[in-house]
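Here is the structure we will look at, set down as structure tokens.
In our numbering, the protein residues as written are 7 to 171.
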């Protein structure tokens, strides 16, 4: 009986070690996904900042700019929401708490958007108003700074998990 118990215990220990090894792999994969996601958000935010600067300097047509920016809004918001749901399910409480204010802002911003026929936030007729353009430009810079800080935080987490395993 004792030999059977020891054999089962040894099997359980090897199973636990295997699960921990796989969990370490999933943590690394998870952190890589966060880094790539945040890099994509950085790319999108920098494109927004450049687009609003081009509108401010009258370099581009507002209709063309809004037509290129509007299709990017919903995928950004949904991807951000999806990753925060994954933060919730995986127990990443600090990352979730840091991202909740931006989620609330995204929901409020989309809920109070101008009346338009398609999805998006930017209306070509109102975007040339200097107050709206300044607000959109400030929003782009703030989101760019937030995503940049998030990028370095997730990169640090990925490197830390690679070193510690």
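Here a beta-carbon is modelled for each residue, glycine too, at the ideal position from N, C-alpha and C.
Use the C-beta contact count for residue 106: other C-beta atoms within 10 angstroms, 16 or more gives buried, fewer gives exposed.
exposed
List the endpoints of the continuous alpha helix (DSSP H) containing residue 146.
136–170
Mapping the DSSP letters down to three states, classify residue 44 as helix, strand or coil.
helix
Can you list, in chain order, the residues of its chain whose CB lies under 8 Å from that of residue 61, leaving out five sequence neighbours each side?
68, 71, 133, 134 and 139
List, from N- to C-terminal side, the beta strand (DSSP E) runs of 3 residues or more that fit wholly inside the region 39–115.
none
Count the C-beta pairs between the region 80–93 and the region 43–54 that are closer than 8 Å, then say yes if the count reaches three, no if not.
yes
For residue 10, which residues from the same chain have a beta carbon less than 7 Å from its beta carbon, with the 5 sequence-adjacent residues on both sides left out?
Only weak support exists for where residue 10 lies, its pLDDT of 43 falling under 50; the value from the coordinates is given anyway. There are no such residues.
Please confirm whether residue 49 has its beta-carbon closer than 8 Å to some beta-carbon of chain D.
Absent here is chain D; the protein component of the structure consists of one chain.
Is residue 28 helix, strand or coil by DSSP?
Model confidence at residue 28 stands at a pLDDT of 44, short of 50, so the residue's coordinates are unreliable and nothing is read from them.
So, using beta-carbon positions, are residue 157 and residue 41 closer together than 8 Å?
yes
Other residues of its chain near residue 109: CB distance less than 7 Å, five sequence neighbours each side excluded
86, 87 and 90
Is it true that the CB of residue 76 sits closer than 8 Å to the CB of residue 126?
yes
Quick one: grab the DSSP three-state call for residue 117.
helix
Residue 131 in three-state terms, based on DSSP
coil
DSSP-derived helix/strand/coil call for residue 123
coil
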